[in-house]
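*Asks:*
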Amino acid sequence: MIYKVPIESGNGEGYVTYDEETKTSEVVFTDQKAAKAIRRYLDTERDFWIPVSQDLEDYEVIRRKPLSDRCYWELSLCTLHAHLGIWVSWDKMTYSE
Numbered sequence: 007m008i009y010k011v012p013i014e015s016g017n018g019e020g021y022v023t024y025d026e027e028t029k030t031s032e033v034v035f036t037d038q039k040a041a042k043a044i045r046r047y048l049d050t051e052r053d054f055w056i057p058v059s060q061d062l063e064d065y066e067v068i069r070r071k072p073l074s075d076r077c078y079w080e081l082s083l084c085t086l087h088a089h090l091g092i093w094v095s096w097d098k099m100t101y102s103e
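Residues in the sequence shown are numbered consecutively from 7, following this note's numbering.
1) For D53, which of I68, G20, L62 has the nearest alpha-carbon?
2) Name the residue from T23, T30, Y9, Q38 whose alpha carbon lies nearest to the alpha carbon of N17.
3) What does the alpha-carbon distance come out to for the pair L48 and S102?
4) For T15, I'd like the list of residues in its chain whose CB is within less than 6 Å of its CB, leaving aside the five on either flank, ordered along the chain.
5) Which residues in the same chain as Y9 place their Cβ atom closer than 6 Å to its Cβ, once the five residues preceding and following it in sequence are excluded?
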């Protein structure tokens, strides 16, 4: 399955894809400097704080590359604006086989 989600900022627009089979991502963005930053962000291993119960203090920290799994790819895109100022339009996400 290949997932595609639109992204935008004040300086450009485009999309990011994720291929579940190959665990790869494609970034297409009109601002090439931002596109490089997005690629680097998705290629960099990071800590994910995953809740394990309803208690706010009950979580485990898992270190992964965002492209290792669709779940981590999506979690990384959720913080894209905080890190790079890029908005993700989740309501326009599409997928194909």
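Glycine included, every Cβ here is placed at the ideal spot set by N, Cα and C.
Computed from a prediction, not measured in an experiment: that's the story for all the values here.
*Replies:* Reading it off the structure:
1) Here the question's residue 53 lines up with position 47 in the sequence shown. Taking only the C-alpha atoms, the option nearest D53 is I68.
2) For the purposes of this step, residue 17 is taken as residue 11 along the sequence shown, with counting starting at 1. The candidate whose alpha carbon is nearest that of N17 is Q38.
3) To locate residue 48, count along the sequence shown from 1; it is residue 42. To locate residue 102, count along the sequence shown from 1; it is residue 96. In a straight line, the C-alpha of L48 is about 21 Å away from that of S102.
4) Position 9 of the sequence shown, counting from 1, holds the residue named residue 15. Before going on, a small fix: residue 15 reads as Ser here, not Thr. G91, I92.
5) Within the sequence shown, the letter at position 3 stands for residue 9. Y24, Y101.
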